[in-house]
Structures are given as C-alpha cells and as structure tokens.
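Novice: My numbering puts the first residue of the sequence shown at 1, with every later residue one more than the last. Where is the CB? At the ideal position from N, CA and C, for every residue including glycine. Keep in mind it's a predicted model, so treat the numbers as computed, not measured.
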Amino acid sequence: MEQKHLVRALTQIVGKKSVLHHPDDVLAYECDGYTIQRGTPRAVVFPSCAEEVSKVVKLLFQAKIPFLPRGAGTGLSGGAIPLGGEVIISLVKMNRLLEVDFANMRAVVEPGHINLKLSNTISVQGYYYAPDPSSGSSCTIGGNVAENAGGPHCLKYGVTTNHVLGLELVLPNGEILNVGGSSLDLPGYDLTGILVGSEGTMGIVTKITVRILRKPQGVKTVLALFEDVRDASQVVSDIIAAGIIPAALEMMDQTAIKAVEAGSYSVGYPENTDAVLLIELDGLTAGMEEMAEQILEVCRNHHVSSVKVAKTPEERNRWWANRKTAFGACGCISPDYLVQDGVIPRSTLPQVLERIREISQESGLRIANVFHAGDGNLHPLILFDARIPGQTELAVETGSRVLQVCADVGGSITGEHGIGIEKQQDMYMIFTEQDLQAQQMIRNVFNPEDLCNPGKLFPKPARCVEMKRPVVHS
1 MEQKHLVRAL TQIVGKKSVL HHPDDVLAYE CDGYTIQRGT PRAVVFPSCA
51 EEVSKVVKLL FQAKIPFLPR GAGTGLSGGA IPLGGEVIIS LVKMNRLLEV
101 DFANMRAVVE PGHINLKLSN TISVQGYYYA PDPSSGSSCT IGGNVAENAG
151 GPHCLKYGVT TNHVLGLELV LPNGEILNVG GSSLDLPGYD LTGILVGSEG
201 TMGIVTKITV RILRKPQGVK TVLALFEDVR DASQVVSDII AAGIIPAALE
251 MMDQTAIKAV EAGSYSVGYP ENTDAVLLIE LDGLTAGMEE MAEQILEVCR
301 NHHVSSVKVA KTPEERNRWW ANRKTAFGAC GCISPDYLVQ DGVIPRSTLP
351 QVLERIREIS QESGLRIANV FHAGDGNLHP LILFDARIPG QTELAVETGS
401 RVLQVCADVG GSITGEHGIG IEKQQDMYMI FTEQDLQAQQ MIRNVFNPED
451 LCNPGKLFPK PARCVEMKRP VVHS
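Quick look at the structure:
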C-alpha cells in the first residue's frame, strides 16, 4: 500500500489529528528508553478505543504492513523500536480508569493508564496497586503488562503477572479476544499468564483487570550504610535467612551512590560509603518494631557504618526518591549509560558483584550497580561515552558479559525489563534452540504472520519457525 493511501485509510479510522506521518513528526518515536538502536516508523497512530485499535490492525493485517504497540516509551530493552518501518500504534490516549470495585479489590484500566496514577486515585479509599517500577510516575500499565514489570516491592508482592486477572486483547488479525476475568482462578489454560510478558508479540492489550490491595497498617524504612559492599551483600542473605521478608530490600554500590548524590535527591552519604541498603517493612504494626530491631542487629553484625529508621514520611520519601531516580542520576556522572537487568540467586550476590567489578576493570568502563537485592534482580548500569568510537559497542559487549555471569550462577538475563532487541542473542545463555522454537510455536498461534512487533524477543536464527507438530523422541 502506498504511503498516501495508508495515511488516508488510517485517518478515516482515527481522524487526522491522530495520525503522524511526516518525518519531523515521527522523529520522537525512533526509540524507547533503549537508545542504542533506532528506527523510523512508517506512521504513528493514536486510537482512542479498542474498536479503533481493531480497525487499524485489520487494515494493516490485510495490507501485510507490520505494526507494534507502544505505551509511554519508557521500556529499556528496545521493545517499541520500529526497526522495520512498522506503524506504531500508540495507546496513550486510551488512559482511562474504567472501574474500581473496592469490595472485591479489583480495578479495570485501559493500557495507557499511568502506573502511579492508579495508586494515587484509589489511595483516598485506603487502597493501592502493588507493582511499582521506578518509572511508575510515567510508565503505563499496558507497558508493564508487556514487559511483566516489577519494582522495589516485588520481593514481597510479586511482579505484574501476580496482579493481572484478565485482559482484553486485539489479536494481530484485528479480532478482539478476552482472557481471564475478575476471578482469581479460572479453569482452562492460563492465557493471561502467557500474554503478560509477551512483549507485544501476541497482540495489543486494550483493557486490563488488576488486583488492588489495602494499604498496610504500618511501614518502617531502614537505611544502612556500609564501607564494604560484601558486608551489605551478606546482610541481604542474613535478613532473609532470619525469616524476615521485607516489602523491599534495595542496594546501591559506590558508583551508583556517586550518581544519586549528584542528582536532585541527595541524602548526604559519606564519601567512604561503598554500599547502601534501603530496607522496608510493611504490614501489621504488631511485631513490626521487633522485626526492625532484628534488621538493625543483622546490620550491626556486619560492620555497618550507619543504620537508622526513618523518623518521618518526608524522610522516607526522600530516601526512596534518591533510590528511584538512580537510573536518571547516572546522567550526572556519564554522558551515556546502558541499563542491564539480570537475575541471580541471592546467595551468589557477593561473588557476582566481585565478578562485575572485574568485568568493569577489564573493559575500562565504570559499572554502577542498582538493584532489588532481596530477590536478586540486578541492574548494572554500564557507563560510556558514545562520542568515543567503539565505546557503544564495548558497552553492549560488557552488558552481555554481565548477563553471562548471571546465567552461569543459575540466574536469568532479565527480571523485568524484557528481551526486546537488546538481549535477543543473549537468550541462548539460558535456552536451547528447541526451547526457543517451542516458545515461538506458541507465539505463532497468536501471530502467525509475524506482523505484530516482528523481530523482537527471539534470536534471529530462531525467528522463522514454521508451525508443525512436535516430534516426540522415544
């Protein structure tokens, strides 16, 4: 289909103001939060309801034009980058909170609804939405569904898939499908579980039913500083071993500390601080004081240089703002950075951090570590300067080396950021070719033409897998 005919057809569906196609207008959609690769979309369209999404997808499907969904563009693995000239279907106009059922602890939102906005809206009734990515003030719940996003409090409450009950989905042929519902456990295959984290390769989510929770009765937040990151790492393991499951257990190393102290929410960490632990308890107030004292004792047993409990909500909020702005704050100490996202068993934390430090020395690139220490979800940030020839490629290679360390200790190459285009080839670190083909056969059931977000998630050699019956070897 010629470009002018495509633009005319899209305009007939969503209106002239909801279609971008001039080169200058689509420039902002060349990448998401992963900026190392870029691509120009053929057009960007802004539907306002599921029916418009369906009509747009049917048009593109019939014309065999590839397309991809996009939320707020905060993704960190390149899942919304149009490398093949795809039409971007932006869901930002579909941002309504459709329903709240406090009695049954449910809410229904459109995919463009901002994560933190849901909690802010329902907080007046004493409720909140648990998944809390650091980008919660800007990322959309639809994007969270695509990547199965987590956040600092996922140690206790789980990631997005643990809070999604049902989805409305526009399939790659334009049909509208509903999976799951408002019940906790429905019979049949868990299609909702398959779709959460599928990175927009199986269709476009247009409505989401989520669980909401009552606000905890009490909260205590502990800040502990260490002069040796190994001591902080051991504290993480010892807290869990003591039978305490904090709501959050976060760590930053020395390089990350320098970044956040140069940012907008400085806490005033001493210069000799090698690691910071941010530990949060929530739940019933009965017994919380005792648990907090246990945590303080564990810290003291491992050479903590300073440990204290937040005295006011303002102090707690500042500690969290300091931690949650760590990614952006790295821009204060480096012109460019690449965010990685690996997972390891908690018990391997000291040795993995030591190996990451060695990789940093070998590559000559600084690595700042910011991570959800409680569940072993690491976020090493590789700092580099794209203006220096070869440093971008070196940063990508260094990131893969870090992920290999995670895989070698029995971990994973992503905990919440997804695979996208960034980690496609790294999938071989944890999956065999047969594993990947089995996954792609599932994708082909939903997306047989590979028109919906093509070229993402799977390594290139495993991308073109024909649908066929599995071979069973005796």
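Closer than 8 Å is the cut-off here; do at least three beta carbon pairs connect the segment 364-374 with the segment 152-159?
Specialist: Judged by Cβ distances under 8 Å, the segment 364-374 makes contact with the segment 152-159, as three or more pairs qualify.
Novice: With a floor of 4 residues, list each alpha helix (DSSP H) that falls wholly inside the segment 41-118, ordered by position along the chain.
Specialist: 50-63
Novice: Helix, strand or coil, according to DSSP, for lysine 324 in the structure here?
Specialist: helix
Novice: With distances taken from CA atoms, which of His303, Arg355, Gln294 is nearest valine 309?
Specialist: Gln294
Novice: Report all residues from its chain with a CB closer than 8 Å to the CB of glutamine 19; omit the five preceding and five following residues, and keep chain order.
Specialist: For the record, residue 19 in the displayed sequence is valine; it is not glutamine. Hits under 8 Å: Val7, Leu10, Thr11, Ala43, Val44, Val45, Phe46.
Novice: Can you give the Cα-Cα distance for leucine 457 and isoleucine 204, rounded to whole angstroms?
Specialist: 16 Å
Novice: Name the two residues that bound the continuous alpha helix (DSSP H) containing isoleucine 413.
Specialist: Note, isoleucine 413: premise wrong, no alpha helix (DSSP H); not H, not E.
Novice: Taking only three categories from DSSP, how would you classify threonine 285?
Specialist: coil
Novice: Under 8 Å, do proline 454 and glycine 84 count as touching if we go by C-beta distance?
Specialist: A contact, by the Cβ cut-off of 8 Å.
Novice: For the alpha helix (DSSP H) containing valine 352, name the first residue and the last one.
Specialist: In this chain, the alpha helix (DSSP H) harbouring valine 352 covers 349-363.
Novice: If you run the structure through DSSP and keep just helix, strand and coil, what is threonine 432?
Specialist: coil
Novice: Here's the rule I'm using: 16 or more other beta-carbon atoms within 10 Å means buried, otherwise exposed. How should glutamate 416 be labelled?
Specialist: buried
Novice: On the CB-based measure, 16 or more other CB atoms within 10 Å of its CB, does alanine 248 come out buried or exposed?
Specialist: buried
Novice: Three-state secondary structure (DSSP) at proline 335?
Specialist: coil
Novice: Excluding sequence positions up to five away, which residues of its chain have a Cβ less than 8 Å from the Cβ of lysine 518?
Specialist: Nothing can be reported for residue 518: it is not among the residues displayed for the chain, which extend from 1 to 474.
Novice: In terms of residue numbering, what span does the alpha helix (DSSP H) encompassing histidine 379 cover?
Specialist: No alpha helix (DSSP H) holds histidine 379; the beta strand (DSSP E) holding it covers 377-384.
Novice: Are the Cβ atoms of valine 370 and alanine 326 separated by less than 8 Å?
Specialist: Contact annotation: valine 370 and alanine 326 have beta-carbon atoms nearer than 8 Å.
Novice: Could I get the ranges of all uninterrupted beta strand (DSSP E) runs contained in the segment 194-266, with 3 residues as the minimum, in chain order?
Specialist: 204-211, 218-226, 248-253
Novice: Helix, strand or coil, according to DSSP, for isoleucine 36 in the structure here?
Specialist: coil
Novice: In chain order, what residues of the same chain lie with their CB nearer than 7 Å to the CB of cysteine 464, ignoring the 5 residues before and after it?
Specialist: Only weak support is given to the placement of cysteine 464: the predicted model assigns it a pLDDT of 40, under 50, and the value that follows is read from those uncertain coordinates. If we look at cysteine 464 and ignore the five residues flanking it on each side, it has no Cβ neighbours.
Novice: Can you look up asparagine 447 in the DSSP assignment and give me helix, strand or coil?
Specialist: coil
Novice: Residues in its own chain within less than 7 Å of glutamate 86 by CB, not counting five upstream and five downstream?
Specialist: Correct list, in chain order: Pro41, Arg42, Pro66, Phe67, Leu68.
Novice: Taking only beta-carbon positions, decide if valine 267 is within less than 8 Å of chain D.
Specialist: In the displayed structure, chain D is absent; only one protein chain is listed.
Novice: Going by DSSP, what residue range makes up the beta strand (DSSP E) through glutamate 147?
Specialist: Not the beta strand (DSSP E): glutamate 147 falls in the alpha helix (DSSP H), residues 141-147.
Novice: Taking 7 Å as the limit between beta carbons, can you name the residues of its chain near valine 170, skipping five residues before and five after?
Specialist: Ala50, Val53, Ser54, Val57, Ile176, Gly203, Ile204, Thr206
Novice: Leaving aside the five residues before and after valine 304 along the sequence, list all residues of the same chain whose C-beta is less than 8 Å from its C-beta, in chain order.
Specialist: Ala224, Leu225, Phe226, Asp231, Val235
Novice: Quick check on serine 90: buried or exposed, where buried means 16 or more other Cβ atoms within 10 Å of its Cβ?
Specialist: buried
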